[in-house]
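As given, the protein sequences belong to chains A and B, one line each in that order. For the record, in the first sequence the residue sitting at position 63 is 1265 according to this note's numbering, with numbers rising by one throughout. For the record, in the second sequence the residue sitting at position 71 is 89 according to this note's numbering, with numbers rising by one throughout.
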Amino acid sequence: LAKTTQPISMDSYEGQEVNITCSHNNIATNDYITWYQQFPSQGPRFIIQGYKTKVTNEVASLFIPADRKSSTLSLPRVSLSDTAVYYCLVAGGYQLTFGKGTKLSVIP
Amino acid sequence: KAGVTQTPRYLIKTRGQQVTLSCSPISGHRSVSWYQQTPGQGLQFLFEYFSETQRNKGNFPGRFSGRQFSNSRSEMNVSTLELGDSALYLCASSSTTGGETQYFGPGTRLLVL
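Written out as structure tokens, the structure reads:
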């Protein structure tokens, strides 16, 4: 299973764009990159998933370079409600291995 | 479509007791995975069931067991509870086995005294 490394925490002001980068040097050919968001005492919530290049949905964008050894989750114009822990996962097998995640704090 | 539901939401037990947690996946989903979340260890995979068969198991002692029924509902059992078993237990469902997108329930908060 590919191991992921993310910053432990990040702070951002409301209205700014936030980019959280995750490194996954040992990603396998059939692995997808998935990001989850978790609020305290709740289960993680799927945000976005990609394999290569760029993926965009209504809440975020995911940028994946050609070598796929890293990925960047981009949250446009964050609000206070985006304060949460964000997990980057690399999976192609049966289980999801969660790292420590990045605690994002949005400041008014 | 209704999301993943878990019961009970909160539970208090004492050391040595056993506990059974229940998870109902999203309708049509056949894969159910269980995770344990603690402040110190983070989210850790327990096991996954697909079509009533355990497909994969994490690194937990045999006190942790599970099963899945024909309607895809799953139960997790922990016997001989220890203080360290206090955690948030999360269930996630997916339409297929493997690294597909998983949808998590709200979790069951277990406190062992």
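We put the CB at the ideal spot given by N, CA and C, even for glycine.
Pull up the distance between the alpha-carbon of residue i and that of residue j, whole angstroms please.
i, j, result
"serine 1214 of chain A", "threonine 1304 of chain A", "13 Å"
"tyrosine 53 of chain B", "proline 1246 of chain A", "11 Å"
"asparagine 95 of chain B", "serine 83 of chain B", "5 Å"
"leucine 61 of chain B", "leucine 1298 of chain A", "9 Å"
"aspartate 1241 of chain A", "threonine 71 of chain B", "Contrary to the premise, residue 1241 of chain A reads as phenylalanine rather than aspartate in this sequence. Near 31 Å, if we compare the C-alpha coordinates of threonine 71 of chain B and phenylalanine 1241 of chain A."
"glutamine 1244 of chain A", "arginine 127 of chain B", "10 Å"
"phenylalanine 65 of chain B", "glutamine 1208 of chain A", "25 Å"
"threonine 1290 of chain A", "threonine 38 of chain B", "The amino acid occupying residue 1290 of chain A in the given sequence is cysteine; threonine does not appear at that position. Computed Cα separation, rounded: 30 Å."
"arginine 73 of chain B", "cysteine 109 of chain B", "15 Å"
"serine 1211 of chain A", "isoleucine 1250 of chain A", "20 Å"
"lysine 1254 of chain A", "serine 111 of chain B", "25 Å"
"serine 88 of chain B", "asparagine 1259 of chain A", "35 Å"
"threonine 119 of chain B", "threonine 56 of chain B", "22 Å"
"histidine 1226 of chain A", "aspartate 1233 of chain A", "11 Å"
"glycine 21 of chain B", "arginine 48 of chain B", "14 Å"
"alanine 1262 of chain A", "glutamine 35 of chain B", "44 Å"
"glycine 58 of chain B", "glycine 46 of chain B", "34 Å"
"serine 113 of chain B", "isoleucine 1266 of chain A", "25 Å"
"proline 26 of chain B", "glutamate 93 of chain B", "11 Å"
Since residue i contacts residue j with CB under 8 Å, what's their CB separation in whole angstroms?
i, j, result
"valine 1308 of chain A", "aspartate 1284 of chain A", "5 Å"
"arginine 81 of chain B", "serine 97 of chain B", "5 Å"
"isoleucine 30 of chain B", "leucine 131 of chain B", "7 Å"
"threonine 1236 of chain A", "cysteine 1224 of chain A", "About 10 Å; that fails the 8 Å criterion."
"isoleucine 1229 of chain A", "lysine 1271 of chain A", "7 Å"
"valine 50 of chain B", "tyrosine 67 of chain B", "5 Å"
"glutamate 1219 of chain A", "proline 1310 of chain A", "Actually they do not touch by this definition, with Cβ atoms about 17 Å apart."
"tyrosine 1288 of chain A", "leucine 1306 of chain A", "6 Å"
"tyrosine 121 of chain B", "phenylalanine 1248 of chain A", "7 Å"
"cysteine 41 of chain B", "arginine 91 of chain B", "7 Å"
"alanine 1293 of chain A", "glutamine 1239 of chain A", "Not confirmed; about 17 Å, so no contact."
"leucine 1282 of chain A", "glutamate 1216 of chain A", "6 Å"
"arginine 33 of chain B", "leucine 101 of chain B", "6 Å"
"threonine 23 of chain B", "glycine 125 of chain B", "Contact doesn't hold; Cβ gap of about 11 Å is too wide."
Based on the DSSP secondary-structure assignment, which residues constitute the bridge partners of residue i?
i, result
"tyrosine 1238 of chain A", "A:Phe1248 and A:Tyr1289"
"asparagine 1221 of chain A", "A:Ser1276"
"threonine 1207 of chain A", "A:Ser1225"
"valine 130 of chain B", "B:Lys31"
"tyrosine 121 of chain B", "B:Ser111"
"serine 1307 of chain A", "A:Asp1213"
"lysine 1265 of chain A", "First, the amino acid is wrong: residue 1265 of chain A is phenylalanine here, not lysine. Per DSSP, A:Lys1256 and A:Thr1274."
"leucine 106 of chain B", "B:Gln55 and B:Arg127"
Closer than 9 Å, Cβ to Cβ, to anything on chain A: give me those residues from the stretch 95-128 of chain B, in chain order.
-> Leu106, Leu108, Cys109, Ala110, Thr115, Gly116, Gly117, Glu118, Thr119, Gln120, Tyr121, Phe122, Gly123, Pro124, Gly125 and Arg127
Where are the beta strand (DSSP E) runs, 3 residues long or more, that stay fully inside the stretch 24-97 of chain B, in chain order?
-> 28-31, 37-42, 49-56, 60-68, 71-75, 82-86 and 92-96
What residues from the stretch 1240-1252 of chain A come within 8 Å of chain B, judged by C-beta to C-beta, listed N to C?
-> Ser1243, Gln1244, Gly1245, Pro1246, Arg1247, Phe1248 and Gln1251
Selection of the stretch 54-81 of chain B by Cβ proximity to chain A, strictly under 8 Å | Gly60, Leu61, Gln62, Phe63, Glu66, Arg73, Asn74 and Gly76
May I ask you to list, following chain order, the residues of the stretch 1297-1308 of chain A that have a beta carbon less than 8 Å from some beta carbon of chain B?
-> Gln1297, Leu1298, Thr1299, Phe1300, Gly1301, Lys1302 and Gly1303
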